[in-house]
Amino acid sequence: MSAKTIFQKIADKEIPAKFEHEDELCVAIRDINPQAPTHILIIPRKPIARVEQMQPEDAAIVGHLVLTARNLAQKLHLTHGFRLVINNGRQAGETVPHLHVHLLAGRDLDWPPG
Ligand code: AMP
């Protein structure tokens, strides 16, 4: 079995973190290096490495991450818009091999992204 990622340790409460949200399928934490005034990571408890490694049975989990992001956006009154990002692979900027959704908001976000 491969070693636990930092996000799995956080979800398992082996590393302390303040959860913005927690349920049976995922946890949400503030990014340690925020790229926008609001930058939250929604992390599945299941250690899916990245989108490429998703199995058909993971579709409901990843859908749940998106709904959780939507619920957090409502709770945090992100009424001017928000962006959801999933980085897959080195060239896309993935640094932690545990699938997660970035919820970014609070400033104008460029398109195309850098
Ligand atoms: P990615 O580059 O898409 O794999 O995203 C990983 C994100 O995790 C980066 O934005 C990091 O700043 C963030 N990160 C890494 N370690 C921690 C941590 N201990 N707590 C919160 N965020 C973290």
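In terms of this note's numbering, the sequence shown opens at residue 7 and continues consecutively.
Even glycine gets a Cβ: it sits at the ideal position worked out from N, Cα and C.
Let's see if you can read the secondary structure: which residues bound the alpha helix (DSSP H) around residue i?
i: H104; result: Neither: H104 is in no alpha helix (DSSP H) and is coded neither H nor E.
i: V68; result: 65-81
State the DSSP-derived secondary structure class of residue i, mapped to helix, strand or coil.
i: T11; result: coil
i: L110; result: strand
i: A17; result: helix
i: R56; result: coil
i: P62; result: helix
If you follow the beta strand (DSSP E) that residue i is part of, which residue opens it and which one closes it?
i: T44; result: 44-50
i: I35; result: 32-36
i: F25; result: 25-28
i: R89; result: 89-91
Give a yes or no on whether 8 Å exceeds the smallest Cβ distance from residue i to chain D.
i: T85; result: In the displayed structure, chain D is absent; only one protein chain is listed.
Note down the Cα distance separating residue i from residue j, rounded to an integer number of angstroms.
i: H45; j: P119; result: 16 Å
i: P53; j: A17; result: 10 Å
i: E100; j: R76; result: 22 Å
i: L90; j: L109; result: 5 Å
i: T11; j: R56; result: 12 Å
i: Q61; j: K19; result: 26 Å
i: A42; j: A9; result: 30 Å
i: I49; j: I35; result: 8 Å
Could you pull out every residue in the same chain whose Cβ sits closer than 7 Å to the Cβ of residue i, ignoring the five residues on either side in sequence?
i: N94; result: R56, V57, E58, E100
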